[in-house]
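Structure, as structure tokens:
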Amino acid sequence: MKAEKYFIQGNEACARGALKAGCRFFAGYPITPSTEIAEDMAVFLPREGGSFIQMEDEISALGAVIGAVWTGLKAMTATSGPGFSLMQEHIGYAAMTETPLVIVNMQRGSPSTGQPTMASQSDMMQSRWGSHGDYEIIALSPSSVQECFDFTAEAFNLAEKYRVPVMVMGDEIVGHMREKIIIPDKVEILPRQMPKEGPETFLPYQAPPEGTSAMPAFGDGYKMHITGLTHDERGYPDASNPQTHSELVNRLCDKILKKTAEIARIQEESTADADVIALSYGAPSRSALKAVRNARNQDIKAGFIKLDTVWPFPEELVRETTKNAGKVVVVEMNLGQIFYEVQRVLPEVKVELLPKIGGEMQSPQEILEKIKSI
Amino acid sequence: MDKTRENRFMKYLRKDRLPNIFCAGCGNGIIMNTFFNGMEMAEIDFENIVLVSGIGCSSRIPGYVKCDSLHTTHGRPISFATGIKLANPELDVVVFTGDGDAAAIGGNHLIHGARRNIDLTVICINNSIYGMTGGQISPTSPKGSYGSTAPYGALENPFNLSELVKAAGATYVARWTTAHPVQLSNTIKKALLNKGFSFVEAVSQCPTYFGRKNRMKSPIEMMHRMKEESVLKRKADQLTESELEGKLVVGEFQNKTAPEFSDKICRLLEDKCVTGKPSSLKSAYQED
Ligand SMILES: Cc1ncc(C[n+]2csc(CCOP(=O)(O)OP(=O)(O)O)c2C)c(N)n1
Ligand code: SF4
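Protein sequences appear in the order of chains A and B. Numbering-wise (the numbering used here), the first sequence opens with residue 1 and increments by one. Numbering-wise (the numbering used here), the second sequence opens with residue 1 and increments by one.
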């Protein structure tokens, strides 16, 4: 079988990417604008021998996903703002217990119930900091239906490689728009690793300072104890020991932050000689690219950066691609979130925000005007 | 009797984690014993057991047992257990939870687990108080009882947990107390063997908080009282509400058969699967 062309929604593409990547368990709770992912999984998972369950809320949805992952499956859930808020305690639990899983958040106008049918990118900081405590996750931002497929599939491999929750931070626009995409017959799949040691000697949380360990499943005879309490290499609670806590939490952060170079990815166009760069991610990056091309047609030295990976923040790549530019415009559908991160990594550069909320993304015209006026 | 002889269930414990954190006289130890007893009577393979728990003193039990165990978040263990059971329906999945864990913060998961009739055995250690956080009242604290957040006596009506879970659809429900270890062991055996959602309400004593705050001097006194207040379900069904005032109804509240949820999913997969592999068991380790 060869690759096939489809004309589908971003949400459907997420579901198909997950299935291709080996996802065999989905637990969720309906919420606009991500519900089609659950609906598609309900149709397709049983055909692939996988289980779908509609849970009683998003807290239990992520709980069931974590249970399924520890029992040897690749698993995911999908949600939007209010549901993402409810998931936060279990995101922290997954980070602490190093449970690989994927969460798609099709962002909608917020806070609170906000704008269920309109787009935003206002959960970007929440995706990194939403649960209590110091931890790191990986977040990808798709800007097209093709990327919904590709990034969701990739998210499963990243989750396994770093044993971390990976978030696909889409928005209502990419979730609901329809585009032509190519679905390959096979995608690269990173299988979970069984330990080389037997149950007598294996320690479930023995890992190098910037890494993670192999992960057997419940029922394999390893008799693991998994807890959200601060734990030692055996997985045993050791919650009052400052050193155990410090080593564990530093490792949870370092295994992501110190691997930023191998995890994080951006796309760029015309940055080499650009004076001003439009930096964006997700749906509005498409307007930003159009604006930059229009600017070039008018002999304005503009460049374009799109963050494929938002967390860990691609610091080095952003510094590298903006080193000849004096000005950067950050285009995002919120009142400024990634903008502050860009400011932080480019202290010498004039960084300005072109925010937009209300549900619609910035038009190429609006961005071009900002490029000209900065 | 030779007092130095090791408890016969010691072989099931993580000896490197002992001693446990439970206070002297706490009911949790008795319930661990009755669990192992019930498991042996049911002839369940210990190697096939996964224990899941929430947060609380009672939820610490799985951490001392030498089997796969998932100590989750406060109130949510049934949701994690649901994922485990669906990912590998062959496993015997048992949830240890407290009255706060199961009935307050986790009340929704409890009734939905029962509604689905998923094959889990939930052992709820009901000590009528929040032990771990220091004696606050819980949804099962008797009206008028004292807790650190009810210094003038509890004003709210308590849940009758066994009736609640029965009404929600569980296929096996029973209540016994730590003063009835034989009956409790038998009930745990039946619960483990029931193919469906089983709920064991193990009424227990927290001498440290409930006892102290409610002027019950010792764990022994608390257990005596539980025994005295107990009325068998069969007998209780003949009594009026006022006759049952201050009584603790013990026995089986439900024991029936009904289609089980993970079974229904397995049958759905067999029906709908187009790949010839209607199970995904351990598929995370496969290359494609
Ligand atoms: C979300 C959340 N809220 C509150 C707590 C604090 N907390 C820990 S245990 C507990 C109550 C435990 O009571 P119960 O379930 O009855 O168990 P017991 O300790 O009595 O066995 C609470 C409120 C928590 N850990 N997580
Ligand atoms: S506080 Fe109460 S429930 Fe907790 S271990 Fe002590 S006696 Fe048991």
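Ideal Cβ positions, reconstructed from N, Cα and C, are used throughout, including at glycine.
Neighbourhood of S280(B) in chain A, by CB distance below 8 Å: R24, F25, E48, G49, G50, S51 and L73, in chain order. A distance criterion of 7 Å places the beta-carbon of I123(B) beyond contact range of ligand 1, judged by its closest non-hydrogen atom. It is roughly 19 Å from the alpha-carbon of A170(B) to the alpha-carbon of I84(B). Every unbroken stretch of the alpha helix (DSSP H) spanning 4 or more residues and falling wholly within the segment 27-95 of chain B is given here in chain order: 28-41 and 77-87. Of the residues G358(A), A64(A) and A95(A), the one whose Cα lies closest to the Cα of E332(A) is G358(A).
If you draw a straight line from the Cα of R234(B) to the Cα of G251(B), it comes to about 8 Å. Residue contact check for F202(A) against chain B: no CB pair falls below 8 Å. Contact check for S138(B) against I129(B) passes: the beta carbons are separated by less than 8 Å. Beta-bridge partners of W176(B) (DSSP): A202(B). Using a 10 angstroms sphere on the CB of R24(A), the tally of other CB atoms reaches 16 or more, which defines it as buried. Set against 7 Å, the gap from the CB of H74(B) to the closest heavy atom of ligand 1 is smaller. Near ligand 2, residues with a Cβ at less than 5 Å from any of the ligand's heavy atoms are F22(B), C23(B), C26(B), C57(B), G131(B), C206(B) and T208(B); the list follows chain order. If you check the C-beta of N127(B) against ligand 1, you find a heavy atom less than 7 Å away. Nearest neighbour of R319(A) by Cα position, chosen from R286(A), T271(A), P355(A) and R178(A), turns out to be T271(A).
Of all C-beta pairs linking the segment 92-104 of chain A to the segment 45-56 of chain A, fewer than three are shorter than 8 Å, placing the two stretches out of contact. Within the segment 15-47 of chain B, D16, R17 and E47 place their CB atoms closer than 9 Å to a CB of chain A, listed in sequence order. Around the beta carbon of S112(A), fewer than 16 other beta carbons lie within 10 angstroms, which makes this residue exposed.
Between ligand 1 and the CB of T133(B), the shortest heavy atom gap is smaller than 7 Å. L268, L269, K272, C273, V274, T275, K277, P278 and S279: these are the residues of the segment 268-279 of chain B whose beta carbon lies less than 7 Å from some beta carbon of chain A, given in chain order.
By the 16-neighbour rule on beta-carbons within 10 angstroms, I21(B) is exposed. G54(B) has its alpha-carbon roughly 36 Å from the corresponding atom of I338(A). Interface annotation, R76(B): in contact with chain A, CB-CB separation under 8 Å. Under DSSP, D171(A) takes part in a beta bridge, and its partners are Q107(A).
Proximity of K161(A) to chain B, defined by a Cβ-Cβ separation below 8 Å, is not satisfied. Between G114(A) and N11(A), the gap from beta carbon to beta carbon reaches 8 Å or more.
Along the length of the segment 199-281 of chain A, whole beta strand (DSSP E) runs at least 3 residues long occupy 225-227, 266-269 and 276-280, reported in chain order.
With respect to chain A, the C-beta atom of C67(B) has a partner C-beta closer than 8 Å.
Residue-level contact check: E287(B) touches chain A, since one or more beta carbons of chain A fall below 8 Å from its beta carbon.
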